[in-house]
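Novice: Have a look at this one.
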Amino acid sequence: MPSDIRVRIAPSPTGPLHIGTARTALFNYLFARHTGGTFVLRLEDTDVARSTAAFEKDILDGLHWLGITWDEGPGVAGVEEAGPYAPYRQMRRLDTYAEAAAHLLATDQAYPCYCLPEELEADRRAQEAAKLPARYLGRCAALTAGERAAKAAEGRPAATRFRVRPGVVGWNDLVRDRVEIDTANLGGDFVIVRGDGNPLYHFTVVVDDAAMEISHVIRGEDHVSNTPKHILMFEALGHTPPVFAHLPLILNPDGTKMSKRKSQTAVADYIAQGFLKEALVNYFAFMGWSPGTEEEVFSLAELAERFELEKVQKGGARFDRERLKWVNGQWIRRLGDEDLVSRLMPFLEAAAVAGQIDRTPGEDEVRALLPMVRERLPTLAAIVDVVGYLWVDDLAVDPAAIIPKRWDAATTHDALAAARAALVAHDAVTWEADELEPPLRALVESWGWKAGDLFMAIRVATTGKTATPPLFDTLVALGRERTIARLDAAIERLAETA
RNA sequence: GCCCCCAUCGUCUAGAGGCCCAGGACGCCACCCUUUCAAGGUGGAGAUCACCGGUUCGAAUCCGGUUGGGGGUACCA
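According to my numbering, the stretch in the first sequence is residues 33 to 530, in order.
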């Protein structure tokens, strides 16, 4: 059913896609999809100095990668820009802001301010020294036309200040109920257009949200204090304010606002480390929201079906990487074979480029490995740790590491030699896990060893690791020839040691 | 400083006056399975529901205060 609900995500291309932005985008997306509304993406690129095309691409690509789609804005369905409210980039909407500012000026809801930055800075310092709250003193609030002309003649640039009316501004926040703030605490009349003519964020969001008929503003809690300013401007522009919903913040593990300094904040980094989009989306959704049941694993579509703003938490949520890893493992186990293989390939290719492995295996080879690796992968990148030794030409194994705790070098040497003999005697055609185990078990039996000791010595000798998938499956994957070769190398080194 | 918001196991959370001397999940510990590592199974430790006062027959749930934490206070976004 059609709906008048319109929500938006408005990222600034001043940095790579941040987890906080992705989370806010996700909640807006879920709300839009759940209600049958429209989801808009608008780029807030007015900070020209810090905005770049590369960041813009990273943000749009990252959101797309997560499976988050929008109905209007840049990059819809591969198109440059789509939607009835275009353009969706603020730098192309400058005339809209100029028009709105002119209107506020004409109706005296805003006025030109000729105060210099140094003067404002001095005021602020004085207020701080007097332990008073910082606020604009209103020096230019009641200038006569003549006084304005005189200031302008001095060569002072004119910024535009919005008149803050006295009183209390309140709204019914969808996640935190009624919020009321006295405008006396807003810091006085605030600037909406800089002296150089560039509009400021607080002003552009409001003008755009009004112009684009945004019905619900769903954003981070860090904007709660700014909301009264926005409501005042919506009113001044003659527009009914949208409904607001302020989401709890994602916090660093120490409880402070998430930052690059203390956490990994770029979505691209999580992608590079082998986290699945399903896991990221699932985890993000559960930071601040829960279905109210004991279910934990949800797909994007399932989330959209269940999502309700009313069930959003008020308090901030600390980012817990361990939990993300668990969710990631859950999703890796749920993926179909073909899907998993294709997602694994890029990581194998990257490992080859990085020199961690000497060749990139084929898809068939990787697919055959799935039964033994799937539940051992906390992330896609972990594939290299789990079975990377399969694609290494020269495995340098420290002979000391091969020797089990209960054994010495000589015993290990003899045991491996015996194992090698047993394996060499085995027919190459029937080199299967079920076939390899009995002869080695028999060996253990006749020598009176612990099976674990022999298996561990073989494991380390052939893989260089003490933790691998089941040994016989590993040897099968390695192949008869390389198994024997690696055993030979180990035996030789042990002979030198002993 | 001033304004605003928040407050249930270490973490994410369930809980909307009696079903709660508080449930689930991650993590942690133990055991089982087992050639290692995972995965899985079972069990366990872990929260006097921040504190203090109210309201009520009855409060984690309502009210007030305190404390703690967070956010905001720009001619940044």
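C-beta atoms are modelled at their ideal positions from N, C-alpha and C, and glycine is treated no differently.
Since we're looking at a predicted model, the values are computed, not measured.
Name, in chain order, the residues that DSSP records as bridge partners for Gly-252.
Specialist: Under DSSP, Gly-252 shares a beta bridge with Leu-279.
Novice: Please go through the same chain and pick out, in chain order, the residues whose beta-carbon is closer than 8 Å to the beta-carbon of Glu-337, but skip the five residues on each side of it.
Specialist: His-66
Novice: For the alpha helix (DSSP H) that contains Phe-235, what are its first and last residues?
Specialist: In this chain, the alpha helix (DSSP H) harbouring Phe-235 covers 233–243.
Novice: Contact between the stretch 312–332 and the stretch 164–180 is defined here as three or more beta-carbon pairs at a separation below 8 Å; is this criterion met?
Specialist: Touching, no.
Novice: Please report how far the alpha carbon of Gly-229 lies from the alpha carbon of Ala-384, in whole angstroms.
Specialist: Their backbone Cα atoms lie some 52 Å apart in a straight line.
Novice: Mind reading off the beta-carbon distance from Leu-427 to Arg-491? Whole number of angstroms is fine, and I expect it under 8 Å.
Specialist: With 8 Å as the limit, Leu-427 and Arg-491 do not qualify as a contact, their Cβ atoms being about 12 Å apart.
Novice: Tell me Val-329's beta-bridge partners as DSSP assigns them.
Specialist: According to DSSP, Val-329 bridges with nothing at all.
Novice: Are at least three pairs of beta-carbons, each pair with one atom in the stretch 300–308 and one in the stretch 271–281, less than 8 Å apart?
Specialist: no
Novice: In terms of alpha-carbon separation, which member of Arg-74, Ala-483, Arg-38 lies closest to Ser-44?
Specialist: Arg-74
Novice: DSSP beta-bridge partners for Val-211?
Specialist: Trp-203
Novice: Three-state secondary structure (DSSP) at Leu-50?
Specialist: One detail in the question is off: residue 50 reads as His in this sequence, not Leu. In the structure shown, His-50 falls within a strand segment according to DSSP collapsed to helix, strand and coil.
Novice: According to DSSP, which residues form a beta bridge with Phe-59?
Specialist: Looking at the DSSP assignment, Phe-59 forms no beta bridge with any residue, so it has no partner.
Novice: By Cβ distance, which residues of its chain are closer than 7 Å to Ala-454, with the 5 residues on each side in sequence left out?
Specialist: Pro-471, Leu-472, Leu-475
Novice: How many angstroms separate the CA atom of Ser-295 from the CA atom of Ala-483?
Specialist: 44 Å
Novice: For a test of the three-state rule: what should DSSP assign to Ala-499, helix, strand or coil?
Specialist: DSSP places Ala-499 in coil when its eight states are reduced to three.
Novice: When the Cα atoms are used, what is the spatial distance from Phe-194 to Ala-216?
Specialist: 14 Å
Novice: Using only CA atoms, which one of Cys-145, Arg-167, Val-398, Ala-142 lies nearest to Ala-154?
Specialist: Arg-167
Novice: Under the three-state reduction of DSSP, which class applies to Ile-389: helix, strand or coil?
Specialist: coil
Novice: With a cut-off of 8 Å, do at least 3 Cβ pairs link the stretch 76–85 to the stretch 48–61?
Specialist: no
Novice: Nearest by alpha-carbon distance to Val-344: which of Met-244, Gly-320, Val-223 is it?
Specialist: Gly-320
Novice: Rounded to whole angstroms, how far is the Cβ of Thr-128 from the Cβ of Ala-243, which I believe are closer than 8 Å?
Specialist: 6 Å
Novice: Between which residues of its own chain and Phe-87 is the CB-CB distance below 8 Å, once the five residues before and five after are set aside?
Specialist: Pro-45, Thr-46, Gly-47, Pro-48
Novice: What whole-angstrom Cβ distance do Ala-317 and Leu-58 have, given they're in contact under 8 Å?
Specialist: 6 Å
Novice: In the structure shown, what three-state DSSP assignment does Gly-105 receive?
Specialist: strand
Novice: Does the beta-carbon of Asp-209 have 16 or more other beta-carbons within 10 angstroms, so that it is buried, or is it exposed?
Specialist: exposed
Novice: Using DSSP with H/G/I as helix, E/B as strand and the rest coil, what is Pro-285?
Specialist: coil
Novice: Check whether the Cβ atoms of Val-419 and Leu-401 lie closer than 8 Å to each other.
Specialist: yes
Novice: For the putative contact between Leu-279 and Val-207, defined by C-beta atoms under 8 Å, what is the C-beta separation to the nearest angstrom?
Specialist: 7 Å
Novice: What is the C-beta distance between Thr-139 and Gly-306, in whole angstroms, given that I count them as a contact (C-beta under 8 Å)?
Specialist: The pair is not a contact, with the Cβ atoms about 56 Å apart (cut-off 8 Å).
Novice: On the DSSP letters alone, give me the boundaries of the beta strand (DSSP E) that Arg-38 sits inside.
Specialist: 38–41
Novice: Closest to Asp-485 by C-alpha separation, out of Ala-450, Val-108, Thr-500, Arg-438, would be which residue?
Specialist: Relative to the Cα of Asp-485, the nearest Cα in the group Ala-450, Val-108, Thr-500, Arg-438 belongs to Arg-438.
Novice: Given Phe-504, which residues of its chain have a CB within under 7 Å of its CB, disregarding the five upstream and five downstream residues?
Specialist: Closer than 7 Å at Cβ, skipping near neighbours: Ala-465, Leu-468, Glu-469.
Novice: Using C-beta distances below 6 Å, list every residue in its chain close to Trp-363, excluding the 5 sequence neighbours before and after it, in chain order.
Specialist: Leu-308, Glu-310, Ala-311
Novice: For Ile-27, which three-state DSSP category applies?
Specialist: Limits of the chain in this structure are 33 at one end and 530 at the other, which puts residue 27 out of reach.
Novice: So what's Glu-342 in DSSP terms, helix, strand or just coil?
Specialist: helix
Novice: Could you give the residue range of the alpha helix (DSSP H) that holds Ile-246?
Specialist: Here Ile-246 belongs to no alpha helix (DSSP H), and DSSP marks it neither H nor E.
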